[in-house]
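Working notes, structure below.
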Amino acid sequence: MRSAMKSEALTSLTAGMPIPFGGNRLTRVSDTLAAAFQPGDRLIVVQDTGELLHVTAHTQAKAAEAVADAHYAFHELSRVDDAAISAFFEAFAGRLEDDASWAPVAAANAADVAAGKAKGRSTTRLVATDGMRRDMVEGLRQWRDAEPSRGRQVEVITHDGWSVEQLTAPLGVVGFVFEGRPNVFADAAGVLRGANSVVFRIGSDALGTARAIVQHALSPALEAAGLPPGACVLLDSHEHAAGWALFSDDRLSLAVARGSGQAVAQLGAVARQSGVPVSLHGTGGAWLVADEAADAVRFETSVLHSLDRKVCNTLNVCCIVQSRAAELVPIFLRALAAAGDRRGHGVRLHVTPSVGRFLPDDWSHRVVVAPAQHLSHEWEWDETPEVSLAVAIDFEDAILLCNRYGPRLAASLISNDAAAHERFYAAIDAPFVGDGMTRWVDGQYALNRPELGLSNWQHGRLLARGGVLSGDSVYTIRTRMRQKDLGLHR
Numbered sequence: 002m003r004s005a006m007k008s009e010a011l012t013s014l015t016a017g018m019p020i021p022f023g024g025n026r027l028t029r030v031s032d033t034l035a036a037a038f039q040p041g042d043r044l045i046v047v048q049d050t051g052e053l054l055h056v057t058a059h060t061q062a063k064a065a066e067a068v069a070d071a072h073y074a075f076h077e078l079s080r081v082d083d084a085a086i087s088a089f090f091e092a093f094a095g096r097l098e099d100d101a102s103w104a105p106v107a108a109a110n111a112a113d114v115a116a117g118k119a120k121g122r123s124t125t126r127l128v129a130t131d132g133m134r135r136d137m138v139e140g141l142r143q144w145r146d147a148e149p150s151r152g153r154q155v156e157v158i159t160h161d162g163w164s165v166e167q168l169t170a171p172l173g174v175v176g177f178v179f180e181g182r183p184n185v186f187a188d189a190a191g192v193l194r195g196a197n198s199v200v201f202r203i204g205s206d207a208l209g210t211a212r213a214i215v216q217h218a219l220s221p222a223l224e225a226a227g228l229p230p231g232a233c234v235l236l237d238s239h240e241h242a243a244g245w246a247l248f249s250d251d252r253l254s255l256a257v258a259r260g261s262g263q264a265v266a267q268l269g270a271v272a273r274q275s276g277v278p279v280s281l282h283g284t285g286g287a288w289l290v291a292d293e294a295a296d297a298v299r300f301e302t303s304v305l306h307s308l309d310r311k312v313c314n315t316l317n318v319c320c321i322v323q324s325r326a327a328e329l330v331p332i333f334l335r336a337l338a339a340a341g342d343r344r345g346h347g348v349r350l351h352v353t354p355s356v357g358r359f360l361p362d363d364w365s366h367r368v369v370v371a372p373a374q375h376l377s378h379e380w381e382w383d384e385t386p387e388v389s390l391a392v393a394i395d396f397e398d399a400i401l402l403c404n405r406y407g408p409r410l411a412a413s414l415i416s417n418d419a420a421a422h423e424r425f426y427a428a429i430d431a432p433f434v435g436d437g438m439t440r441w442v443d444g445q446y447a448l449n450r451p452e453l454g455l456s457n458w459q460h461g462r463l464l465a466r467g468g469v470l471s472g473d474s475v476y477t478i479r480t481r482m483r484q485k486d487l488g489l490h491r
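Under our numbering, the first residue of the sequence shown carries the number 2, and numbering increases by one thereafter.
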């Protein structure tokens with residue numbers, strides 16, 4: 002039964018106040034939230050979990066203004082030709098490459114890093130190294146040289162006296178929330194290749210660096226190329242709630258959250274319940290399976306080269322079939338130890354009970370034994386490689402373990418059996434499948450296209466797109482009719 006809709010503004014909250022969520026559940030307002038909530042603020046109720054998210058009126062206004070600027074710019078971009086967009090990418094790259102323009106960025110980054118260390122935060126991904134700078138420049142020039150995606154003909158259907166074309170077209174405003182990695186600016190700017198606009202929200206640890214990039218490289222590049230200033234907007238806010246405000250704005254055509262864990266899952270829930278399509282992966286970590294026909298050398302090098310640093314495609318779980326465990330477990334441990342030695346901080350290893358009898362004596366006291374369901378946990382580390390090891394009954398059991406406990410992101414099979422690879426590819430529930438190291442899963446590294454982010458299949462397979470979201474994959478399809486026969490009628 003539907004009742005007449007009556008609504009009024011929410012101006013205050015009281016401690017213990019019941020708030021319905023999920024259709025049939027209740028959560029209650031905390032003392033802290035009740036005291037903080039002011040007239041004009043917003044309360045976002047996450048329908049999946051019952052979390053109550055407080056967005057102040059000031060933060061909401063900043064997010065709304067940023068989206069409004071990008072929304073206006075999106076329509077202005079229809080007046081801009083593809084050559085001007087190419088000129089923007091070159092101008093952006095040139096300013097990052099220029100030492101005079103880069104100097105204030107480097108200074109701001111040094112201040113961010115120092116502040117992060119003072120707070121006890123990890124700054125591994127925050128440091129704007131020379132390598133990161135080169136990668137940003139390279140990525141922007143890849144977008145400069147990429148084939149423009151708008152107006153690309155997908156299909157033509159010819160009829161007597163008329164025809165219909167299917168053409169790619171810009172999607173709209175992309176909202177982009179990412180952790181404190183300055184290089185993501187170059188990746189996300191790729192949406193302009195298809196004449197989309199973007200609103201960035203970066204983690205507070207890197208906000209000073211982001212401001213410097215906008216002031217000394219991004220904004221001047223937009224101006225030099227004749228693009229509207231709102232085409233790339235930084236949502237300049239330290240507030241975590243700025244991401245919630247951005248992702249709940251239904252003027253977004255796509256919301257992208259880059260990172261992993263609960264914060265990303267929460268952002269995705271906010272976007273979905275607001276009717277905004279979202280691209281994210283809540284968990285990461287790759288699986289590597291060694292079957293009966295595994296080559297020992299290939300196995301060892303794949304483990305080693307999948308543990309160089311912690312990102313979403315880093316090896317998280319290794320699964321060895323029982324018939325090869327006596328030989329391959331020691332080899333795995335050797336590769337793991339080598340990865341730890343390379344960083345100089347040792348290793349951490351978690352094993353299922355099935356591994357116990359295959360562990361050498363000198364490792365038995367260095368591991369944490371946990372049940373199989375713990376294979377679903379993604380280990381987060383900076384300097385000390387941390388992984389899980391399991392022994393499967395057989396090849397099919399290894400596939401079952403991966404599909405049950407894996408994040409449905411990346412999986413690799415080490416085997417000399419071609420039929421096993423075909424079976425693995427058909428059966429494994431992941432968008433990225435390989436036969437060696439897992440660290441290849443990256444848009445720029447694998448596809449020569451800087452990525453906005455990777456998507457796993459945690460919430461199901463993706464409709465008509467791959468797991469790598471890049472600037473040129475942000476588009477819609479428009480249909481255009483051309484009539485030659487003036488007597489055409491139905």
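Note that CB positions come from ideal geometry on N, CA and C, so glycine has one too.
Bear in mind the structure is a predicted one, so any value in this text is a computation, not a measurement.
Bridge partners - residue 265, DSSP secondary structure assignment: Bridge partners of residue 265: none, in fact.
Do you know offhand how far residue 121's Cα is from residue 115's? 10 Å
Measuring CB to CB, does residue 451 end up less than 8 Å from residue 140? yes
Going by DSSP in three states, residue 313 sits in which element: helix, strand or coil? coil
What does DSSP give as the partner residues of residue 176 in its beta bridges? 200 and 256
According to DSSP, residues forming a beta bridge with residue 484: 163
Which word fits residue 490, buried or exposed, when buried means at least 16 other C-beta atoms lie within 10 angstroms of its C-beta? exposed
Looking only at its chain, what residues have a beta carbon closer than 6 Å to the beta carbon of residue 39, apart from the 5 residues adjacent to it on each side? none
Are the beta-carbon atoms of residue 102 and residue 218 separated by less than 8 Å? yes
From residue 463 to residue 171, what does the alpha carbon distance come to, in whole angstroms? 20 Å
Integer-rounded CB distance, given that residue 194 should sit under 8 Å from residue 150: 6 Å
Can you list, in chain order, the stretches of the alpha helix (DSSP H) that have 4 or more residues and sit fully within the segment 123-152? 131-146
Between residue 230 and residue 220, how many whole angstroms is the CB-CB distance? I'm expecting something under 8 Å. 7 Å
Is it buried or exposed for residue 132, if we count other Cβ within 10 angstroms and need 16 for buried? exposed
Own chain, CB closer than 8 Å to residue 123, minus 5 neighbours either side, in chain order: 117 and 383
Along the chain, where does the beta strand (DSSP E) that runs through residue 452 open and close? 452-455
Can you give the Cα-Cα distance for residue 430 and residue 162, rounded to whole angstroms? 47 Å
Evaluate contact between the segment 274-284 and the segment 293-302, counting only Cβ atoms and requiring at least three cross-stretch pairs below 8 Å. no
Quick check: the Cα distance between residue 312 and residue 388, rounded to an integer number of angstroms? 13 Å
On the DSSP bridge list, what partners appear for residue 156? 167
Kindly indicate which residue of 30, 323, 305 and 468 has the alpha-carbon position closest to the one of residue 344. 305
State buried or exposed for residue 182, treating a residue as buried only when at least 16 other CB atoms are found within 10 Å of its CB. buried
Going by alpha carbons, who is nearest to residue 272 out of 377, 263 and 250? 250
With 16 other Cβ atoms within 10 Å as the buried cut-off, status of residue 25: exposed
CA-CA distance, residue 337 and residue 435? 20 Å
Apply the 10 Å Cβ neighbour rule to residue 244 and answer buried if 16 or more other Cβ atoms are within range, or exposed otherwise. buried
Let me check understanding here. Comparing Cα to Cα, which of 381, 225 and 409 lies closest to residue 86? 225
Of all the options 90, 340 and 255, which has the alpha carbon lying nearest to the alpha carbon of residue 186? 90
Should the segment 355-362 be called in touch with the segment 375-382, which here means at least 3 C-beta pairs below 8 Å? no
Considering residue 287, what are the terminal residues of the beta strand (DSSP E) in which it resides? 287-291
Rounded distance between the beta-carbons of residue 175 and residue 72, thought under 8 Å: Actually they are not in contact, since the Cβ atoms of residue 72 and residue 175 sit about 11 Å apart, beyond 8 Å.
Below 8 Å between beta carbons: does that hold for residue 60 and residue 240? yes
Are there 16 or more other CB atoms within 10 angstroms of the CB of residue 202, so buried, or fewer, so exposed? buried
Name the one or two DSSP bridge partners that residue 387 has. 349
Where does residue 435 sit, in a helix, a strand or coil, going by DSSP? strand
From what residue to what residue does the beta strand (DSSP E) around residue 306 run? No beta strand (DSSP E) holds residue 306; the alpha helix (DSSP H) holding it covers 297-306.
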